[in-house]
Structure formats: structure tokens, C-alpha cells
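Remarks on the structure that follows.
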Amino acid sequence: MSVAEAVQAGTLPGRVWFYSNYHCNLACTYCLTESAPSARRRVLAPATIIELAGQARRLGFTDLGITGGEPFLLPSLPELLTELAQVLPTVVLSNGTLFTEARIARLAPLAGLPLAIQISLDAPDPERNDELRGPENFAKVAAAVPQLVRAGIRVRVATTVEPDRLDEADHARLCELHRSWGVPDEDHLVRPVIRRGRADESGMGVVFDHSQIPAELTITADGSFWSPFGPTVRQGRLDTDLLLTRTVDPLSRPAEALLALVGGLPAGADAQIGIR
Ligand code: SF4
1 MSVAEAVQAG TLPGRVWFYS NYHCNLACTY CLTESAPSAR RRVLAPATII ELAGQARRLG
61 FTDLGITGGE PFLLPSLPEL LTELAQVLPT VVLSNGTLFT EARIARLAPL AGLPLAIQIS
121 LDAPDPERND ELRGPENFAK VAAAVPQLVR AGIRVRVATT VEPDRLDEAD HARLCELHRS
181 WGVPDEDHLV RPVIRRGRAD ESGMGVVFDH SQIPAELTIT ADGSFWSPFG PTVRQGRLDT
241 DLLLTRTVDP LSRPAEALLA LVGGLPAGAD AQIGIR
């Protein structure tokens, strides 16, 4: 079975993820990658991402994702996103704290393209949200999301919580907030903290094995991985338990390695703990 056939059959997820960088202006309590301003950057060159995105489309993948670190720390990110969204529908993950007026203006070409910015918001009030994510995070997200929506950019809101810790009242308040900002219910995700990186250090989150998470091909400066939850960092060292290949170009090499592994799993095995 080819990669394209496997994607069409649903055997292989259609999205390819790229870790654009590992540094971040925040240092969240549960960060999988131990990201922080001083973290090793591990930047994946934008030209490499564009080349591999084109290969992904030719292989039959259907979607792209950009994550980090905080991707918007890269000066050329708006232009990179504009190029990627013309290759395949793209989602970029962000902490939502870097959206100055100037940066939003540079995102104007993205309006109408198949691109979504997925912004983290973990609690419906500043105290609890900022305790995990840093001072003024809530206020910055609350300011950025409506501006991005007004600029014609699709925004998704991602809430990451300890398993079973989001009670109904908090969930309802989060939904009131994102609806008031122009983000519909289908663009609000709630997902568990994953016990890797800093979350592992502090005993937070859900423990998983690779068969419980979708096999979404993930490309980093250090190689390819089973999932975006693979290339995590603990005590400064990259985790390699979910490493597929050190070679990422041609993309067919890691794609075929992933396909060979996925072929041995029972259907539906990746849906057990609700990680998206
Ligand atoms: S969780 Fe995201 S926003 Fe927080 S430190 Fe890690 S990369 Fe940065």
C-alpha cells in the first residue's frame, strides 16, 4: 500500500507536522519540550519546511501542521505560513502572546487561505490560566483572538488540562469566551496534558504508549518522529523513544517507515485517550 492509499483509507493520518523551532517566550509548567527563551533553538529552516511540504503533497498527505516552541518567534513565519497554506491546509500552534498590530498586518495575506492559528487557553480566568502559562497570558490571548478573527484568519482555541479536571462550569465559561471572540464550538479543542517533558518532571498528565496516539508524521531538525508528542525534551535532552529516522529528505523515507509501523496496529487503537 502506498502512502497516498494509506491516507485515503484512513490507515495513516493525513497531516505532517513540522517543529519549526524549540525556543519560546514562555516556560509553561507542563511544556512537553522544556521550551523557554533560553532553550536550544533546533530551528528547522523555512526552505526545508517548504521543500518537504511539497513532497508531502506529492506523496498524498492532506494537511500540514507547524509547532514548536513558539513558531511566531521566527521572523519569517508569516511569509512561511502564506507559502505553506498554498501547498496544503495548514494549522500553526501558538501561545497567542506575540500578536502585535504589526505582526497581524503581516498576516493579512493569510485571510481566505486554508490556514488556522491554534491558540492555547487553559482556564476561563486569568489567575488559573496564568499560573500554568505565565503572567498576562490570558489578557494577551483575549486581546489577540478577536483581532485575528477580524483580520479574516481562522482561530482555534486549545485547552490543555489534567485528565478529568475541566468541570462543566469551567468548560461552559471557556465556551462563552471563545464564542464571544468569534471562534465557533467546532474550533475549540480540549485535550489532556501529556506526561512528557516538564509535565513528567512535575508528575502531571497522562501516560501513554505510542499505539494510543495518532501516528502523525513529525519532522524536526533532529529527524522524524511517530507523532508531535514524540520529539519532547527532558532535562535538556531530546527524547528518542519515538524517533523514526534521522533522514527526513526525501520525505518518502520517514513516511514509509511510519507506514510500515502503522500497518501492524489494530484499527482504532489510536483513539483511546483523546489526544488531538
Ligand atoms: S507549552 Fe507552548 S507556550 Fe508553553 S513553553 Fe511550551 S512551547 Fe511555549
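Residues in the sequence shown are numbered consecutively from 1, following my numbering. Backbone N, C-alpha and C define an ideal beta-carbon position, used for all residues, glycine too. None of the values given here were measured: they were computed from a predicted structure.
Per DSSP, reduced to three states, the secondary structure at V149 is helical. P192: member of the beta strand (DSSP E) spanning 188–192, first to last residue. Ranking P89, L73, L258, A53 by CA distance to the CA of A215 puts L258 first. For T48, the three-state secondary structure derived from DSSP is helix. Annotation: the continuous beta strand (DSSP E) that includes T159 extends over 154–161. Cβ contact annotation for F99 (same chain, cutoff 6 Å, sequence separation greater than five): A144, in chain order. Taken atom to atom, the span from the alpha-carbon of T62 to that of Y30 is near 30 Å.
Around the beta carbon of A53, 16 or more other beta carbons lie within 10 angstroms, which makes this residue buried. Leaving aside the five residues that flank V43 on each side, the residues in its chain whose CB is nearer than 6 Å to its CB run, in chain order, N21. Each residue's CA atom was taken as its position, placing L132 and P124 some 13 Å apart. Around the beta carbon of S227, 16 or more other beta carbons lie within 10 angstroms, which makes this residue buried.
The C-beta of G69 has 16 or more other C-beta atoms within 10 Å across all chains shown, which makes the residue buried. Between I117 and the set P135, A139, L81, the nearest pair of CA atoms involves L81. In this structure, I66 sits near T90, with a CB-CB distance shorter than 8 Å. Runs of alpha helix (DSSP H) with 4 or more residues, each lying fully within the stretch 67–109, are found at 77–85, 101–106, listed in chain order. Placement of the Cβ of S35 at a distance of less than 7 Å from at least one heavy atom of the ligand SF4 is found. For A108, the number of other beta carbons within 10 angstroms of its own is below 16, and it is reported as exposed.
In the three-state reduction of the DSSP assignment, V248 falls in the coil class.
Annotation: the continuous beta strand (DSSP E) that includes Q118 extends over 115–120. Distances from the CA of I219 to each of V190, P254, G197 were compared; the closest alpha carbon is that of P254.
Relative to the ligand SF4, the beta carbon of N95 is positioned inside 7 Å of a heavy atom.
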